[in-house]
Amino acid sequence: MNHQRPPPKKHIFILSGQSNMAGRGGVKNNQWDRVVPDECKPDPSTIHRLNANLIWETAHEPLHTDIDIGKICGVGPGMPFANAIKDYISGVIDLVPCAVAIASGNGEYMEVVRRAHKAIDLPNVVCVDAKGLELKDDNLHLTTEAQVQLGHMLADAYLAHFSYETPLSVVA
């Protein structure tokens, strides 16, 4: 009789978007300050990332370092998201970073895109808008603290709309 455990359940999350999803928290003058908030710490047993060589490894900041090439990456919302949901879902969390900075983010075009995203009314699609979160001096990229906040907003949206499991632990 074979009593092997089934492999752990995998939750795969695609981290797509532009520069703020790629992570610019802590980046100033084309250098990352290497400050990693507690909400972004690695968890080798639970949180993994697919690197540019298509190899699964322990997820760590900056998640997009080998994906958004030619840009300096820092803290993004992916790690705070994964750390915020890990106690509420069973199995492993696999992050697939694929965000690349391509647009300036300025002007009427981006405002039209934002309004279009917010107007989407499709099943299983939820808009999480970062507008209003603290920006760095460039008025385009989120601060490290805002990246963490966005990660928590994404986690809250996921848990509210798509998680059908009961929490594995509750902190009172």
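Using our numbering, the first residue of the sequence shown is number 3, and each one after it goes up by one. Note that beta-carbon positions come from the ideal geometry of N, C-alpha and C, so glycine has one too. Owing to the predicted nature of the structure, the values given are computational and were not obtained by experimental measurement.
Query                                                                                                                      : Result
Cβ-Cβ distance between Ile74 and Ala54 below 8 Å                                                                           : no
For Thr146, the first and last residue of its enclosing alpha helix (DSSP H)                                               : 146-163
Stretch pair the stretch 91-98 + the stretch 124-133: three plus CB contacts closer than 8 Å                               : no
Cβ neighbours of Thr48 in the same chain (closer than 7 Å, five flanking residues each side left out)                      : Lys88, Val94, Ile95
Assumed close pair Gln149, Pro64 - CB separation to whole angstroms, cut-off 8 Å                                           : With a Cβ gap of about 11 Å, Gln149 and Pro64 do not count as contacting.
Alpha carbon of Arg51 to alpha carbon of His163, nearest angstrom                                                          : 23 Å
Gln33 - partner residues in DSSP beta bridges                                                                              : Lys30
Inter-residue CB distance, Gly1 and Gly76 (contact presumed, cutoff 8 Å)                                                   : Only positions 3 to 174 of the chain appear in the structure, and residue 1 is not among them; the question remains open.
Euclidean distance between Cα positions of Asn233 and Pro9                                                                 : This structure does not reach residue 233, given that the chain is present from 3 up to 174, and the question cannot be answered.
Chain-order list of residues whose beta-carbon lies under 8 Å from that of Arg7 (same chain, five-residue window excluded) : none
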